[in-house]
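A.B. asks: Let me begin by handing over the structure; questions about it come next.
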Amino acid sequence: MAGAETTFREFYRQSIDRPDKFWAEQAKRIDWQVPPQQICDYSQPPFARWFVGGTTNLCHNAVDRHLASRADQPALIFVSTETDQEQVYTYAQLHTEVQRMAAVLKDLGVEQGDRVLIYMPMIPEAAFAMLACVRIGAIHSVVFGGFASGSLATRIEDAEPKVVVSADAGSRGGKVVAYKPLLDEAIELSRHKPRRVLMVDRKLAPMTWLEKRDVLWSELRAQHLNDHVPCTWVDATHTSYTLYTSGTTGKPKGVQRDTGGYAVALAASMDLIYQGQPGETYFCTSDIGWVVGHSYIIYGPLIHGMSTLMYEGLPIRPDAGIWWQLVEKYKVTRMFSAPTAVRVLKKQDPAHLKQYDLSSLKALYLAGEPLDQPTAQWISEGLGVPIIDNYWQTETGWPIMTIANGVEPAPSKFGSPGVPMYGYHLKLINENTGEDLVGHQEKGVVAIEGPLPPGCLQTIWKDDERFVNTYWKSIPDRLVYNTFDWGIRDEDGYYFILGRTDDVINVAGHRLGTREIEECIAGHSQVAEVAVVGVADALKGQVAMAFVVPRDNHYLQDDAAKLRLEGEIMKLVDGQLGAVARPSRVLFVSLLPKTRSGKLLRRALQAVCEGRDPGDLTTMDDPAALHQLRSLFT
Ligand code: AMP
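Residue 667, in our numbering, is where the sequence shown stops; the numbers in between run on with no holes.
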């Protein structure tokens, strides 16, 4: 699969020049009920169909196939410092729990192809629900627990789930966040109504009950304790899940993933990129609501026969040593986190890093946002293991760029996520002319020539047209996948990511669309106009900053009124989108900087906030807008 003597360069070339041979080899890493008849059908670009004719099942590959050799090995290790719980499920126990959940879902009428929306905190039942869905061929759509009713409603409406699985509450930093009221409100707002709502009661928050719709997991589980629910063999191209991500419009996109391609891509990455060994423990600190959580808390480690550590809690509670304590206790060998989390730890007492035996740990992988040098250096010195940046997107499901030490060990360069991974025919393109940039240090759009490798999105849920127009038609005269990131490449072929080309911002590794936040704020009766931009932040990478033109000018003069309105706007965003989307500040102006044709000068707005030169303003309509902005920051 990667011969001992293969160089990464050769390995990569094979994946691009002879993809069928390359991926046929990688496909042997997973179990098939019927092996694929065709490796890639790219007869209708840009739609790629991987492993056509093959039938398989994600849950079988993640759970059942390990029973023969690792039934008593821990599969899922759950630790919550929020509720002081710790529970280990062996592969045999996970198998049992997943079958119970699958039986309950079937009982509630869920069939192959039906959607199940999962709105859950980081608890084992969330993993059972995901695995149970793919076991029976249902399509899960996990919505991050930090999203509020408005965001949830949009997703319910788009996914049209037959059943929603949720819990009474999550908990963050010891503060209980009730989910049920948010869910009830979201269902109220949505035009689509799920038939049933399956609730896990953690006894953290009271729940109001809708008799004919709401059912309790503990009660139904008790009725299905000994049920056997076999895996449903599905086509490799069968959709396993959808996961919503933000774009430039207010409407989130349902990234749609297949089954066979995803399983193969993850199995390969666990060996070639993450280098985990079956039987070892993998600790990914993300959340199941994000793509990293799907791929590297649930499916990747389990497909690879590892024990996966699922952690509910903050990295600094009860103290900043908690992650390292878990590394020691469970002998974690591979860890995956985000730069923001490391920056949070960096502000704490460095002694915490030295308190525990971290000798099991072999590498730390970081992704989701640019990794700055001081952060990388600090954690690298503290842990004494390689820190490996990896760049990818919800759309791709696994890294586009990193270092594949499992193919050939190579050095990392600070500031660079590495080199293009096997299967990704990466290009830097001039966004105006569509020409390939072949020189070094030339800034271009990071793009991928089709077909996208296995594991990447099949399309946007229910919207093939949007998939084609958004990702594949934005560069002149080229049918290439646009990542919407700027990049440059050095003479060794290492890439450096220079930020987004669109209006998407990245707050603590979470992608947020400024349009979504603007649409929410515009809903306030006192707001005439609003612009939201991402502004550099030392801890979170970026934060959202909102500029509001109030309907009534008195807000501009009255500080108390301004403060009140700012509070109301923040509450509105919290309530509709969730605290993740809340702007760090709401500033009031009488006009926004725009071009003569009325286009908002976002870059200028952003530059002023960051104390930079706003650049060419010859197209600006009224310079007074900029003067006013500058005065806010001096
Ligand atoms: P998401 O789909 O939410 O994971 O966001 C993907 C976006 O996050 C990418 O398009 C990049 O803008 C950014 N991103 C992810 N990983 C990295 C990384 N390692 N370095 C720089 N930016 C990253």
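We put the CB at the ideal spot given by N, CA and C, even for glycine.
(1) Suppose contacts are defined by Cβ-Cβ distances below 8 angstroms. Is Ile568 in contact with Gln559 by that definition?
(2) Give me, in chain order, the residues of the same chain whose beta-carbon lies closer than 7 angstroms to that of Pro311; leave out the 5 immediate sequence neighbours on both sides.
(3) Measure from the alpha carbon of Lys54 to the alpha carbon of each residue in Trp65, Pro69, Thr40, Arg42, then state which is nearest.
(4) Below 7 angstroms, is the gap between the Cβ of Val324 and the nearest heavy atom of the ligand AMP?
(5) Within the stretch 219–272, note down every full alpha helix (DSSP H) run reaching 4 residues or more, in order along the chain.
(6) Is it true that the CB of Arg188 sits closer than 8 angstroms to the CB of Val176?
(7) Ser302: which of Asn423, Ile521, Pro263 sits nearest, CA to CA?
(8) Only counting the same chain, and skipping five residues up and downstream in sequence, which positions put a Cβ closer than 6 angstroms to that of Gly456?
(9) Please classify Met343: does DSSP put it in a helix, a strand, or coil?
(10) Along the chain, which unbroken stretches of the alpha helix (DSSP H) at least 4 residues long are found entirely within the stretch 128–172?
(11) Excluding the 5 residues preceding and the 5 following Arg738 in the sequence, name in chain order all residues of the same chain whose CB lies nearer than 8 angstroms to its CB.
(12) Give every residue of the same chain whose Cβ lies closer than 8 angstroms to the Cβ of Tyr588, excluding the five residues on either side of it in the sequence, and list them in chain order.
(13) Please report the residue range of the beta strand (DSSP E) in which Pro670 lies.
(14) Can we say the stretch 488–498 touches the stretch 269–289, given the rule of at least three CB pairs closer than 8 angstroms?
(15) In the DSSP assignment, what are the bridge partners of Ile530?
(16) Rounded to a whole number of angstroms, what is the C-alpha to C-alpha distance between Glu524 and Ile156?
(17) As a quick exercise: from Lys195, Asp469, Leu662, Leu545, pick the residue whose alpha carbon is nearest that of Ala612.
(18) Could you check where the beta strand (DSSP E) with Asn423 kicks off and where it finishes?
(19) Just to check, is the beta-carbon of Thr14 closer than 7 angstroms to a non-hydrogen atom of the ligand AMP?
(20) Who pairs with Arg290 in a beta bridge, going by DSSP?
(21) Leaving aside the five residues before and after Ser204 along the sequence, list all residues of the same chain whose C-beta is less than 6 angstroms from its C-beta, in chain order.
(22) In whole angstroms, give me the CA-to-CA distance for Pro672 and Glu551.
(23) Once the 5 residues before and after Arg548 are set aside, which same chain residues still bring their CB inside 7 angstroms of it?
(24) Specify, as a first and last residue, the run of the beta strand (DSSP E) that Cys489 falls within.
(25) Per DSSP, which one or two residues make a beta bridge with His543?
(26) On the criterion of 16 or more Cβ atoms from any shown chain inside 10 Å, does Trp431 qualify as buried, or is it exposed?
(27) Just list the residues that DSSP pairs Gly451 with in beta bridges.
(28) Name the one or two DSSP bridge partners that Val197 has.
(29) With a Cβ-Cβ cutoff of 8 angstroms, do Leu394 and Val418 count as a contact?
(30) Report yes if the CB atom of Pro194 is closer than 8 angstroms to the CB atom of Pro227, and no otherwise.
(31) Which of helix, strand or coil does DSSP assign to Asn502?
(32) Is Tyr138 close to the ligand AMP? I mean its beta-carbon at under 7 angstroms from any heavy atom of the ligand.
(33) Give me, in chain order, the residues of the same chain whose beta-carbon lies closer than 8 angstroms to that of Ser199; leave out the 5 immediate sequence neighbours on both sides.
(34) Could you work out which residue in Leu91, Thr129, Thr341 is closest to His261 when comparing CA atoms only?
(35) Going residue by residue through the stretch 62–122, where are the continuous beta strand (DSSP E) segments of at least 3 residues, counting only ones entirely within it?
(36) What three-state label does DSSP hand Ala298 in the structure shown?
C.D. replies: The relevant details are as follows:
(1) Checking the displayed sequence, the identity of residue 568 turns out to be Val instead of Ile. Not a contact, by the Cβ cut-off of 8 angstroms.
(2) His337, Gly338, Met339
(3) Pro69
(4) yes
(5) 250–256
(6) yes
(7) Asn423
(8) Ser48, Pro486
(9) strand
(10) 157–168
(11) Outside the modelled stretch of the chain, which goes from 34 to 667, sits residue 738, for which no answer is possible.
(12) Gln559, Ala594, Lys595, Leu598, Phe621
(13) In the structure as shown, the chain starts at 34 and stops at 667, and residue 670 therefore has no counterpart that could be examined.
(14) yes
(15) Gly520
(16) 46 angstroms
(17) Leu545
(18) 420–423
(19) Examination of residue 14 is not possible in this model, given that the chain is present from 34 through 667 alone.
(20) Tyr274
(21) Glu115
(22) What the structure shows of the chain is the stretch from 34 to 667, and residue 672 is not part of that stretch, so it cannot be assessed.
(23) Thr281, Thr282, Gly283, Asp536
(24) Where Cys489 is concerned, there is no enclosing beta strand (DSSP E), given that its DSSP letter is neither H nor E.
(25) Val540
(26) buried
(27) Tyr528
(28) Leu150, Val230
(29) yes
(30) yes
(31) helix
(32) Correcting the residue type first, residue 138 is Leu in the shown sequence and not Tyr. Because no heavy atom of the ligand AMP lies under 7 angstroms away, the Cβ of Leu138 does not count as near it: no.
(33) Ile151, Tyr152, Met153, Tyr212, Lys213, Leu216, Val230, Leu231, Met232, Val233
(34) Thr129
(35) 71–77, 80–85, 107–113
(36) helix
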